[in-house]
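Notes for the one structure printed next.
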Amino acid sequence: MFPESIQKAPFFARGSYRIILYVVLIVWLLPLIGVLLTSFRSLADINSGNYWGWPTEFALVENYTQVFTVTPMIQYFINSLVITIPTVVGTLTLSS
Numbered sequence: 751m752f753p754e755s756i757q758k759a760p761f762f763a764r765g766s767y768r769i770i771l772y773v774v775l776i777v778w779l780l781p782l783i784g785v786l787l788t789s790f791r792s793l794a795d796i797n798s799g800n801y802w803g804w805p806t807e808f809a810l811v812e813n814y815t816q817v818f819t820v821t822p823m824i825q826y827f828i829n830s831l832v833i834t835i836p837t838v839v840g841t842l843t844l845s846s
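With my numbering, the residue at position 12 of the sequence shown is 762, and numbering never jumps.
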């Protein structure tokens, strides 16, 4: 009734499973890596078209300082907590 363990599968199936797993992992992580690298870059570096290369100059502190001073990021974080905590507590209460 339940699917077999991957360890019991034939060699070809295990190999295919691993290849597909690694491809999906890379495809899933690539945008996250791009966002992380972009947060390190200066505006001049982004405007020059250096999207996937190593940043030529790092502006990590300046970028994150600007995010927290220009936008109400703390309020956004509190709003997320106000929604998330009751949702998790309600789900756990109703599920148990």
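The beta-carbon is built from N, C-alpha and C at its ideal position, and this holds for glycine as well. Model, not experiment: these values are computed from the prediction.
Could you tell me the alpha carbon to alpha carbon distance between residue i and residue j, rounded to whole angstroms?
i, j, result
"Pro781", "Leu787", "10 Å"
"Leu842", "Thr819", "36 Å"
"Ile796", "Ser846", "49 Å"
"Trp778", "Val838", "26 Å"
"Gly840", "Thr834", "10 Å"
"Leu921", "Val817", "In the structure displayed, the chain extends from 751 to 846; residue 921 sits before or after that span and is not available."
"Pro805", "Tyr814", "16 Å"
"Ala759", "Pro753", "10 Å"
"Ile776", "Ala763", "20 Å"
Any beta-carbon of chain E closer than 9 Å to the one on residue i?
i, result
"Leu831", "Included in the structure is just one protein chain, with no chain E present."
Quick one: grab the DSSP three-state call for residue i.
i, result
"Met751", "Any reading at Met751 needs caution, since the residue's pLDDT is 49, under 50, leaving its predicted position unreliable; the model's value is listed next. Three-state DSSP puts Met751 in coil, outside helix and strand."
Nearest by alpha-carbon distance to residue i: which of the options is it?
i, options, result
"Leu810", "Gln825, Thr821 and Phe790", "Phe790"
"Asn800", "Thr815, Thr821 and Gly784", "Gly784"
"Glu807", "Leu793, Thr815 and Gln816", "Leu793"
If residue i and residue j are in contact, beta carbons under 8 Å, what's the gap, nearest whole angstrom?
i, j, result
"Tyr731", "Ile756", "The chain is shown from 751 up to 846; residue 731 falls before or after that span and cannot be answered."
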